[in-house]
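Just remember that the numbering used here sits 330 ahead of the position in the first sequence, which is counted from 1. All residues carry an ideal CB built from backbone N, CA and C; glycine is no exception. Quantities reported herein were computed from a predicted structural model and do not represent experimental measurements.
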Amino acid sequence: MQTPLPPKGTRDFYPEEMSFREHIFSSWEKTCQRYGFEKFDAPIFEHLDLYTKKSGEEIEKQLYTFEDKSNRKLSLRPEMTPSLARMVAAKGPALKKPVRWYSIPRLFRYEKMQKGRLREFFQLNVDILGVKEVTADAELIAVAIDTLRDLGLDNNDFSVHVSSRNLLEELFLQLSIPKESIKPLFLLLDKQQKLPKDVFKKELEIFLKDQRLATKVFDILNAQSFDEIVAINPSSPSVKDLQNLFTVMDHYGLADYVTFDIGIVRGLAYYTGIVFELMDKNRDLRAIAGGGRYDRLVSLYGGEDTPAAGFATGDVVLAELLKAKGIVPDQPSRSDIFIATFNRENYNQVVSLANALRQRGYSCEFPLRPIPIGKQMKLASAARSKVVIFTGGQEEKEDNIKIKDMRSGEEFLVSKDELYTKLADRLSNS
RNA sequence: GUGUUUGUAACUCAAUUGGUAGAGUGUCAGGUUGUGAUCCUGAAUGUUGUGGGUUCAAGUCCCAUCAAACACCCCA
């Protein structure tokens, strides 16, 4: 085979894949609009330092970077949040708060691919800026849940795991763990799920150099319920935040979806408070969505202090989950009406009819070559057309036209005068 | 960057201990100038991912390379 392949980690979207992608996108859009979010977009490439400023120089390894003809260092965007923060920072106080924006960016990361991970992919990003209360976090979690529910998934398929970086930090400080140890400890925590319990505990002991302390940390991390954590520190503000969050989620009718999970820390990210991830119940995919609070990012880009929270969900893992659950929609029809003809000399008449139909707003097509009627029907089938209109046949001598409904197989005669109204009837109940 | 597995027709796969590639599906043409399926007949398509090596002989063994899948690292 000598045809060129697309670059590593990219996908071609043939019509079949494209319609599946559009199915996901339109569900995302519908849900965001239902919640009162506005769509925005930004350049697909940005100045490199937009990303290094937030994530450090090392991030460049993971980016598609290039120089333009004036030697500006640029990068294809690996995520949307920096662009969003930049845009909000630039408008400053002129921007009416709260900002409720969403976007469906195409993103690029130079990574080694594996299951659920490509180099070019799409994300839904949803963000609220200007609200410091957890009501914003709750609203975002609700949107995240409803994007999945709208696609046909429910709490048998996925759940939301919520934690708080502040809470963990408070608990660790209470145990007199030095402040500079906390970030590395978060990193260690992120691995918890991958390690067997005793191995993880050993690593804790090694890291903290104190067996009793390690045991205490280990016990906190193994708390089975939120109540156990509340008991440790009932008056802490982050505990109150979480309590409020769970109460609000209950009023969204989504309490069944949300669980407290102290193991969620979201890597090295810029998150500052509540963090959450949506995971499939079987846990055999990577996170479906993730998000949280990032109150310092806007000011990092020179904007005024702006509380902010958001989440992102990628198309790759989601598509895998939907396929695993068998939730893949039928291919849409290419055209509603297929015009077939018994008379192969009849091309111009077919074009005239097609033109008349199209001018009236109908979606229709016809074979572009003279072929036997059987083949025409196969084409109509392949186009998933809803009805076939037969032309050039004997019926025309009595001013009738035969129509076949391809879904039921039923055929019927209509007079030429009532063709359009009958077609409208036939196509409207689909 | 590290490791494991894989690569044969458009697709899914076959090919005994090494003996110069085959089936099904699909496609196209016809049976069929009044109907999507089924049936029948016929046709086309491969430098076996690529490049070397061993051998009288390589799809098969060896090396390299490219690509893919999965895991580690990382995950915004």
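Any heavy atom of the ligand MG within a distance shorter than 7 Å of the CB on residue i?
i: L572; result: You won't find the ligand MG in this model; it holds no ligand whatsoever.
Can you check whether the CB of residue j is closer than 8 Å to the CB of residue i?
i: T361; j: D480; result: yes
i: D666; j: S629; result: no
i: E741; j: K734; result: yes
i: Y587; j: V490; result: yes
i: I604; j: A553; result: no
i: F537; j: L515; result: yes
i: A472; j: L584; result: yes
i: I351; j: D610; result: Looking at the sequence provided, one finds Arg at residue 351 rather than Ile. Cβ distance not < 8 Å, so R351 and D610 don't count as in contact.
Beta-carbon within less than 7 Å of residue i's beta-carbon, same chain only, minus the 5 sequence neighbours each way: which residues are those?
i: L749; result: I731
i: T545; result: none
i: E346; result: Q661
Nearest-angstrom Cα distance between residue i and residue j?
i: I434; j: V456; result: 9 Å
i: Y432; j: L459; result: 11 Å
i: L478; j: A642; result: 13 Å
i: S745; j: G739; result: 20 Å
i: A712; j: K705; result: 10 Å
i: Y344; j: G656; result: 20 Å
i: D571; j: R623; result: 12 Å
i: R449; j: F720; result: 48 Å
i: L483; j: R616; result: 16 Å
i: N612; j: D487; result: 8 Å
i: V717; j: L648; result: 34 Å
i: G722; j: R688; result: 19 Å
i: L414; j: V547; result: 36 Å
i: R430; j: G633; result: 17 Å
i: K532; j: R542; result: 12 Å
i: E469; j: R690; result: 43 Å
i: A466; j: K383; result: 26 Å
i: Q444; j: D614; result: 13 Å
Going by beta carbon distance, what residues of the same chain come within less than 8 Å of residue i, once the five residues before and after it are set aside?
i: S349; result: P659, Q661 and P662
Starting from the C-beta of residue i, find all residues in its chain whose C-beta is less than 6 Å away, skip the five residues before and the five after it, and write them out in chain order.
i: R436; result: F452
i: F696; result: I669, V680 and A684
i: F502; result: I512
i: T395; result: L378 and S405
Do the segment 630 to 640 and the segment 415 to 422 meet, that is, are 3 or more Cβ pairs less than 8 Å apart?
yes
Which runs of the alpha helix (DSSP H), 4 residues or longer, sit entirely within the segment 336 to 424?
345 to 364, 378 to 385 and 411 to 421
Count the C-beta pairs between the segment 578 to 588 and the segment 520 to 527 that are closer than 8 Å, then say yes if the count reaches three, no if not.
no
My parser needs the beta strand (DSSP E) runs of 3 or more residues fully inside the segment 513 to 599; what are they?
588 to 590
Any 3 or more C-beta pairs closer than 8 Å across the segment 503 to 514 and the segment 619 to 633
no
Taking only runs of the beta strand (DSSP E) that begin and end inside the segment 432 to 474, which ones reach a length of at least 3 residues, in chain order?
436 to 438 and 450 to 459
Is it true that the segment 384 to 402 meets the segment 420 to 429, where meeting means three or more beta-carbon pairs spaced less than 8 Å apart?
no
Taking only runs that begin and end inside the segment 684 to 734, name each unbroken alpha helix (DSSP H) of 4 or more residues, in chain order.
703 to 712
Unbroken stretches of the beta strand (DSSP E), 3 residues or longer, contained in the segment 597 to 632
604 to 610 and 619 to 623
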